[in-house]
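One structure is given below, encoded as structure tokens.
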Amino acid sequence: MLTLYSIALFLHIAGALGVFAALALDWVGIANLRRARTFEQVQEWAGVYVAIRGLGAASVAALLVFGLYMTAVTWGPTGWIGIGFLSLLFIAVVGTASGVRLSRLLAAAGSGQGSLGEDLRAQLRAPLFVASVRARTALALGVVFVMTVKPEASVSVLVVAVALALGIASTVPVLRQRSLRTRST
């Protein structure tokens, strides 16, 4: 039977899928920007971030609006919902913070031509961008687990903490590569 709740649930899940689509685009964009050697390559991938901003914002809005509706009409305040909400806010804040820094770099590359300077290239390769997308993706997966299993608050906190730690830990190889590259120059 079609109800307002079932429509809200569908739109909430669609919002979650949109968040993962935005994260996937960000992951691919970061990988390609890290490999870029010319201004033209950076400019080519810069366009992806316009789509990411729109998709990410709309998806987070859908998650929040329809999640809050379902909380109000069915669930009420619970620990797992609170942890999911705080995690979503954390994902949005971290994404915005790294996105602002990346936007500045993309703007700096906006009108250039030819080979990238070493400084700009090094900034595009900053581990912050990799750490951000990996941590946000891992945390989002942790939230999906919490929303599916609906554990008590303490378990929800543990799940998202472990997910975030794993996301950050997955950045260690990138940090090591940068450290090795710095030592060899």
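Counting in the working numbering, the sequence shown runs from 5 upward without gaps. The beta-carbon is built from N, C-alpha and C at its ideal position, and this holds for glycine as well.
With respect to Leu59, Trp49 sits apart: the two C-beta atoms are not nearer than 8 Å. Under the three-state reduction of DSSP output, Ser119 falls in the strand class. The straight-line gap separating the alpha-carbon atoms of Ala113 and Gln45 is approximately 10 Å. Three or more pairs of CB atoms, one per stretch, sit closer than 8 Å, so the segment 164 to 180 contacts the segment 140 to 150. Taking the Cα positions, Tyr73 is about 10 Å away from Leu67.
Leu128 and Ala40 do touch by the CB rule: their CB atoms are close to 6 Å apart, below 8 Å. Taking 8 Å as the cut-off, the beta carbon of Gly22 is found closer than this to the beta carbon of Ser63.
Around the beta carbon of Ala12, 16 or more other beta carbons lie within 10 angstroms, which makes this residue buried. The C-beta separation of Val150 from Ser160 comes to about 5 Å, placing the pair in contact by the 8 Å criterion.
DSSP, read as helix, strand or coil, puts Thr42 in strand.
In the three-state reduction of the DSSP assignment, Ser174 falls in the coil class.
For Gly146, the uninterrupted alpha helix (DSSP H) segment begins and ends at 131 to 153.
Scanning its chain for C-beta atoms nearer than 8 Å, with the 5 sequence neighbours on each side dropped, one finds around Ala25 the residues Leu59, Ser63, in chain order. The C-alpha of Ala28 is placed about 12 Å away from the C-alpha of Ser136. By the criterion of a C-beta distance shorter than 7 Å, Asp30 is surrounded in its chain by Ile56, Val137, once the five residues flanking it on both sides are discounted. The beta carbon of Ile85 lies closer than 7 Å to those of Thr75, Trp79 in the same chain, with the five residues before and after it left out. Straight-line measurement puts the Cα of Val163 at about 27 Å from the Cα of Ala35.
Counted as a single uninterrupted DSSP element, the stretch harbouring Trp79 is not any alpha helix (DSSP H), since DSSP gives it neither H nor E.
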